[in-house]
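Enquirer: With the sequence shown counted from 1, adding 56 to any position gets you this note's numbering. Starting off with a structure, shown below.
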Amino acid sequence: MPKWAHLGLAVLLSISTTLVGAAEIDWWENASLYQIYPRSFQDSDGDGIGDLKGITSRLSYLKEIGITATWLSPIFTSPMSDFGYDISNFYDIDPIFGTLDDFDALIVEAKSLGVKIILDFVPNHSSDENEWFEKSVNREDGYDDFYMWDDGKLNEETGEREPPSNWVSVFSGPMWTWNEKRQQFFLHQFQVKQPDLNFTNPMVREHMLDVLKFWLDRGVDGFRIDAVPHIYEHRNADGSYPDEPVSGWGSDPNAYDYHDHIYTKDQPATVDLMYEWREFLDNYRAQNGGESRVLLAEAYSSVETLSAYFGNSTHQGTQLPMNFQLMYLSGYSTAEDVVGSIDYWMNTMWKEHQTANWVVGNHDTNRVADRMGAHKVDLLNVIVNALPGASVTYYGEEIGMSNVDVECTGDSCEDRDGERTPMQWTAGKNADFSDGESTWLPLSPEYQRYNVQTERGVSRSSLNIFKGLQALKSSAAFMAFKDDGGFSYEAVTKQVLQIIRTNKISEEYRILVNMGNDIEILDGLASKTYEYVLATAYSTHYPGQKADLSARIILMPYEAVVLRWLA
Ligand code: NOJ
Ligand code: MG
């Protein structure tokens, strides 16, 4: 029973149901979030790499397509060994992206448009070129224990020092690297150039709160926290580090999956850290006013762990522990598989906390067109926006961008380049991403067909479907989504997913998605007559047409439709 049920039906019908729903939920709970990879969104100075001024000039586009908040991958000073996930100064903007003044201008424009800005917060590690690390190498006062240092083990036979444990880094190879100058090993869960900060040191935690405050003071609405599971490592009482057991996966001991990461992932202290950061943000809001500041957590962890990061009855943690389940779907996934992926989240997170979020993709994963097939891009967009909660779109998924085969040269090979290519704005030179001679990654050879400008003019383009979905997402039936029975989902056949959203009074939507490549015939699906409000490219129907669900509805292969019933 929703909290407002006591108002009574008559009152409810007389006031805007949008307001009723909206009063129930905080902005992030039903937000449409959008990830920008700053190198690839818009270049303003012709160097072929995207920048802040470029992003600012495109913020009105985010407004146009119905985005609530955008999170920017790192824009801070960095040698770019991991394209900004290796930060050498947490308090400044990298010159490639611009200046602090440019950032302030971006915030001003975002506020005037009503688009919220979320920054990437990378607490687990810094760049080895950060002055903190240099000070730590030199054992300067206060910085001695800033990173994870250890003597390692002495091999009696060879007389040489060996790493303290058998731990392997996420990017493969040992997690410990010898530092000649300090004559100790340091720990890095990712690249050698990304030494892990020591979160058992209260000074480190304080520095990180200071970083959060610095950007909150500049007006940001929240943070996406990078690599949450990797923040703490287990240490024995005697100061040694325990070896991790083998997992049974693969045969290369230097590969990440070879071990079970029971001592280097999701340690109990990480949960408390999430509470600490949330409290910090909530206090900041209490003192400074404004709307909720949010924390998104990047954690490839079990749903039980994500639930702990979200919080419990006494502690609140990160509002949006990102749900990556739908990223594991493939071209072969059936509607039943989709239901299984949705269940995985809903059975725990929804049951316990009535919260949901659905990530479509990110800069570490192949694009939907490559994971599932180009004809399924719209289907996934329909699903994530029809389900209750927040949706998280990776830039370009709204126009159906696909991975680009990027030729690998020398050391600069990065197997994640394919999903990081420039945004496709128009069919003109460099897709209007840059007016420079070349772009840092090649444009998709498909950009003349798949771009914002062209798709604005095609009624059933991915872009227009996406926009239609955003409009629905903020409608009454989609807003009133707490534990009031206002939605359900099921596979009505092996290949057809049905999602129902309703305010239970005057409005009901049925979203039907045919995941398969056969025509699906559904008889007697419901007792009422509906109206098409949205139909994807493979549909033979058009908005405004009637659908009597007590009779028969036919779905073409890969067709998705949104049907509405009005009292
Ligand atoms: C996760 C980020 O998404 C990825 O791009 C990065 O390489 C690692 N964290 C390390 O920061
Ligand atoms: Mg760590």
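Beta carbons: idealized from backbone N, C-alpha and C, even for Gly.
Do residue 250 and residue 138 have their beta-carbon atoms positioned less than 9 Å apart in this structure?
Expert: Yes, the Cβ-Cβ distance between residue 138 and residue 250 is below 9 Å.
Enquirer: Measure the beta-carbon distance from residue 252 to residue 180 and round it to whole angstroms, keeping in mind my assumption that it falls under 8 Å.
Expert: Correct: roughly 6 Å between the Cβ atoms.
Enquirer: Can you tell me which of the three DSSP states residue 454 falls into?
Expert: It is helical.
Enquirer: Excluding sequence positions up to five away, which residues of its chain have a Cβ less than 8 Å from the Cβ of residue 541?
Expert: Result list for residue 541: 560, in chain order.
Enquirer: Does at least one heavy atom of the ligand NOJ sit under 8 Å from the Cβ of residue 177?
Expert: Result no, Cβ not under 8 Å from the ligand NOJ.
Enquirer: Hey, residue 489 and residue 478 are a contact pair by Cβ (cut 8 Å); roughly how many whole angstroms apart?
Expert: The Cβ separation is near 4 Å, so the contact holds.
Enquirer: Do you know offhand how far residue 469's Cα is from residue 513's?
Expert: Near 37 Å, if we compare the C-alpha coordinates of residue 513 and residue 469.
Enquirer: Helix, strand or coil for residue 561, going by three-state DSSP, please let me know.
Expert: Residue 561 falls in the coil class under three-state DSSP.
Enquirer: Among 335, 218, 175 and 325, which one has its Cα closest to the Cα of residue 271?
Expert: Of 335, 218, 175 and 325, the residue nearest in Cα terms is 175.
Enquirer: Is residue 122 closer than 9 Å to residue 530 when the C-beta atoms are compared?
Expert: Result yes, Cβ atoms of residue 530 and residue 122 sit closer than 9 Å.
Enquirer: Which word fits residue 61, buried or exposed, when buried means at least 16 other C-beta atoms lie within 10 angstroms of its C-beta?
Expert: Low per-residue confidence applies at residue 61: pLDDT is 33, beneath 50, and the placement is therefore not dependable enough to give any value.
Enquirer: Whether or not the stretch 260-271 and the stretch 306-321 are in contact is what I'm after, with contact meaning three or more pairs of Cβ atoms, one per stretch, closer than 8 Å; do they touch?
Expert: At 8 Å Cβ cutoff, the stretches do not touch.
Enquirer: Check residue 77 in the structure and name its three-state DSSP category.
Expert: Interpretation of residue 77 is limited by its pLDDT of 41, a score under 50 that renders its predicted location unreliable; no figure is taken from the coordinates.
Enquirer: What are the uninterrupted segments assigned as alpha helix (DSSP H) that are 4 or more residues long and contained completely in the stretch 413-467, given in chain order?
Expert: Qualifying alpha helix (DSSP H) stretches, in chain order: 424-427 and 433-442.
Enquirer: Pull the bridge partners of residue 315 from the DSSP assignment, please.
Expert: Answer is 302.
Enquirer: Please determine if the stretch 154-167 and the stretch 195-209 are in contact, where contact requires at least 3 C-beta pairs separated by less than 8 Å.
Expert: The answer is no - the stretch 195-209 does not touch the stretch 154-167, with fewer than three Cβ pairs under 8 Å.
Enquirer: Helix, strand or coil for residue 147 per DSSP?
Expert: Strand, per DSSP.
Enquirer: Assign residue 172 to one of two classes, buried (16 or more other C-beta atoms within 10 Å of its C-beta) or exposed (fewer than that).
Expert: Burial call: buried.
Enquirer: May I ask you to check if the CB of residue 289 is nearer than 8 Å to at least one heavy atom of the ligand ADP?
Expert: Absence of the ligand ADP is noted for the structure shown, with the ligand NOJ and the ligand MG being the only ligands found.
Enquirer: From which residue to which residue does the beta strand (DSSP E) around residue 604 run?
Expert: Unbroken beta strand (DSSP E) run through residue 604: 602-604.
Enquirer: Going by the CB atoms, is the gap between residue 142 and residue 184 shorter than 9 Å?
Expert: Yes, the Cβ-Cβ distance between residue 184 and residue 142 is below 9 Å.
Enquirer: Leaving out five residues before and five after residue 79 in sequence, what residues of the same chain have Cβ atoms less than 7 Å from its Cβ?
Expert: Since pLDDT at residue 79 reaches only 46, below the 50 mark, its modelled position is unreliable, and the value read off the structure follows with that caveat. So no residue of the chain qualifies.
Enquirer: Which residues does DSSP pair with residue 631 in a beta bridge?
Expert: Since the displayed the chain opens at 57 and closes at 623, residue 631 lies outside it and no answer follows.
Enquirer: Tell me the DSSP secondary structure of residue 344 in three-state form.
Expert: The answer is helix: DSSP assigns residue 344 an H, G or I state.
Enquirer: Would you mind listing the alpha helix (DSSP H) stretches within the stretch 186-262 that are 4+ residues and don't spill past its ends, in chain order?
Expert: Runs found: 187-193.
Enquirer: When DSSP labels each residue in this structure, what does residue 379 get in the three-state scheme?
Expert: Coil.
Enquirer: Quick one: is the Cβ of residue 259 within less than 8 Å of any heavy atom of the ligand MG?
Expert: Incorrect: residue 259 has no Cβ contact closer than 8 Å to the ligand MG.
Enquirer: Quick check on the DSSP output: the beta strand (DSSP E) that includes residue 278 runs from which residue to which?
Expert: Its beta strand (DSSP E) spans residues 278-281.
Enquirer: Whole angstroms is fine: what's the gap from residue 98's alpha carbon to residue 110's?
Expert: Spanning the two alpha carbons is a distance of roughly 4 Å.
Enquirer: Count the C-beta pairs between the stretch 399-419 and the stretch 559-575 that are closer than 8 Å, then say yes if the count reaches three, no if not.
Expert: Contact fails: fewer than three Cβ-Cβ distances are below 8 Å.
Enquirer: How do the stretch 491-507 and the stretch 585-597 stand: do at least 3 beta-carbon pairs fall below 8 Å, yes or no?
Expert: Touching, no, given that fewer than three Cβ pairs across the two stretches are closer than 8 Å.
Enquirer: How many Å lie between residue 345 and residue 131 at the Cα?
Expert: About 26 Å.
Enquirer: At a cut-off of 8 Å, is residue 186 close to the ligand MG when judged by its beta-carbon and the heavy atoms of the ligand?
Expert: Result no, Cβ not under 8 Å from the ligand MG.
Enquirer: Over the uninterrupted alpha helix (DSSP H) stretch that includes residue 112, give me the two end residues.
Expert: Where residue 112 is concerned, the enclosing alpha helix (DSSP H) stretches over 108-113.
Enquirer: Whole angstroms are fine: how far does the CA of residue 439 sit from the CA of residue 615?
Expert: Going by the C-alpha atoms only, they are around 12 Å apart.
Enquirer: What are the start and end residues of the beta strand (DSSP E) that includes residue 623?
Expert: That residue, residue 623, is in no beta strand (DSSP E); it is neither H nor E in DSSP.
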